[in-house]
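Please read the structure below before turning to the comments.
In my numbering, the protein residues as written are 1 to 439.
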């Protein structure tokens, strides 16, 4: 049977959190489609509890934006990609990698390790055990190049700048043991010439500017009303009608949509609940669209993202950081770049605020823990902080941008562990949600 959350977003009419009412569904019935086998969900009854929420006026100069709607039809979310679509994307990604400087041998070895990761992901979800240290030490794999730090530490004996694999591991092991683990995955022992660099992350978890701010900038605490808190990444608007006249906030699914558990129209609050936010006074947006996270066995994910439809005067385009305890605001560029090894990047987030880092891995496949459920993500990139960790819990949803005068968007932060941060490509995020930057 398919993941119920996956089916619900396709076939269920969403329950809206309106300006004047909060709607709660009671138990539902479901029935299978005789053609596709998907399950449909039928809401039987809706109970309504009235909450006074004044409709705010449109701010001067913002009249081209529509305000969040009470209508369930207006909040009809995007159809998630099918398993076939995702498999095609994964194949295209691997083909693209093979044409790069990393070469077919490294790409083929990485693909074999990914198969092991996929199997581990399914087994962990079936058993409820997040991590078996002895059997499943490798939690992610990606491409990198050998740098001076790797050579100085003895982590790799290859030539400077050589293509290499980076193995994200639960615990550091000897080179011989790591090679044995890789050989078990790849079905070969002829690996002595393949440069592999270990990065200890522990279990990779889905991950301050914690005060209430109006208008709210990017980089501050935000979240679905039922979660703790994450980070407001930036503003976006839809590419086509009717969403082209909606101002929206961008963050992760697990921040705005409670890891698939939310309903379209649910309240999004700023600051997040753990930072003192509550309904209705701190409502900043309503959940407008999200890409479901696929936890099914063999499931592939590329993005962890969602949008919230906001009132224009409750947000601002700038991102924020603190300088000497004083809020400072800046804009990122209305441009998109692909992550590249050694690219210098920045982010500002709820917990660690403004940080600088460097891209250390691309084409990364990684198994991520979402409160005990494991999901596999492909085509991610990794970052290591400069002068400290790049991120911590609560920074999920932060926009990652190139550290340059243009500050082009590069990624959306969503996970991390052991000092390594993982992010979705921003191009994939914007495409999946059918939005463009509003910065």
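The C-beta atom is built at its ideal place from N, Cα and C for all residues, glycine as well.
| task | Report the rounded CA-to-CA distance for residue 250 versus residue 391, giving the unit in angstroms. | result | 18 Å
| message | Between which two residues does the beta strand (DSSP E) holding residue 384 run? | response | 373 to 385
| said: Quick check: what's the CA-CA separation for residue 330 versus residue 173? | reply: 43 Å
| field | Length of the line joining the Cα atoms of residue 424 and residue 138 | value | 20 Å
| Is the CB-CB distance between residue 319 and residue 332 below 8 Å? | yes
| Are residue 221 and residue 270 close, meaning C-beta to C-beta below 8 Å? | yes
| query | Less than 8 Å separating the beta-carbons of residue 293 and residue 260? | reply | yes
| message | So for residue 167, helix, strand or coil by DSSP? | response | strand
| In whole angstroms, what is the alpha-carbon distance linking residue 306 and residue 68? | 16 Å
| query | DSSP puts residue 210 in a beta bridge; with which residues? | reply | Partner(s): none; residue 210 has no beta bridge.
| request: Can you grab the Cα-Cα spacing for the pair residue 342 / residue 280, in whole Å? | output: 44 Å
| said: Comparing C-alpha positions only, which one of 216, 231 and 217 sits nearest to residue 223? | reply: 231
| message | Below 8 Å on the Cβ atoms is my contact criterion, and I expect residue 314 with residue 268 to pass it. Report the Cβ-Cβ distance as a whole number of Å. | response | The pair is not a contact, with the Cβ atoms about 10 Å apart (cut-off 8 Å).
| request: Reducing DSSP to helix, strand and coil, say where residue 438 ends up. | output: coil
| request: Please name the residue in 103, 213 and 146 whose C-alpha comes closest to that of residue 360. | output: 146
| task | Provide the residue span of the alpha helix (DSSP H) that contains residue 369, from first to last. | result | That residue, residue 369, is in no alpha helix (DSSP H); its beta strand (DSSP E) goes 353 to 370.
| said: Do residue 401 and residue 409 have their beta-carbon atoms positioned less than 8 Å apart in this structure? | reply: yes
| query | Among all the DSSP beta bridges, which residues are the ones paired with residue 286? | reply | 267 and 309
| query | Between the C-alpha atoms of residue 295 and residue 125, what's the straight-line distance to the nearest angstrom? | reply | 8 Å
| task | Figure out for me which residue from 103, 104, 136 and 107 has the closest Cα to the Cα of residue 118. | result | 136
| task | Would you mind working out which of 366, 263 and 422 sits nearest residue 378, comparing C-alpha positions? | result | 366
| request: Spatial neighbours of residue 430 within its chain, please: CB distance less than 8 Å, with the 5 preceding and 5 following residues excluded, ordered by chain position. | output: 236, 336, 436 and 437
| query | Are the Cβ atoms of residue 66 and residue 245 separated by less than 8 Å? | reply | yes
| Near residue 200, what residues of its chain come up, given a Cβ to Cβ distance below 7 Å and the 5 sequence neighbours on each side ignored? | 169, 171, 172 and 418
| query | Going along the chain, which residues of its own chain have a beta-carbon closer than 6 Å to the beta-carbon of residue 317, five neighbours each way excluded? | reply | 235 and 439
| task | Specify the secondary structure class of residue 337 as computed by DSSP and reduced to three states. | result | coil
| said: By alpha-carbon positions, which one of 422, 167 and 386 ends up nearest to residue 110? | reply: 167
| said: Beta-carbon within less than 6 Å of residue 434's beta-carbon, same chain only, minus the 5 sequence neighbours each way: which residues are those? | reply: 239
| With a CB to CB cut of under 7 Å and the five nearest residues on each side skipped, what residues in its chain are close to residue 303? | 291, 424, 428, 429 and 432
| task | May I ask which residues mark the beginning and end of the alpha helix (DSSP H) holding residue 223? | result | Run containing residue 223: none in the alpha helix (DSSP H); it sits in the beta strand (DSSP E), 221 to 224.
| field | Neighbour-count burial assignment, residue 312, 16 or more Cβ in a 10 Å radius | value | buried
| request: Pick out whichever of 212, 345 and 373 has its Cα sitting closest to the Cα of residue 277. | output: 212
| query | Where do the N-terminal and C-terminal ends of the alpha helix (DSSP H) with residue 253 fall, by residue? | reply | 253 to 256
| query | Since residue 198 sits in a beta bridge, which residues does DSSP pair it with? | reply | 167
| To the nearest angstrom, how far is it from the Cα of residue 253 to the Cα of residue 141? | 23 Å
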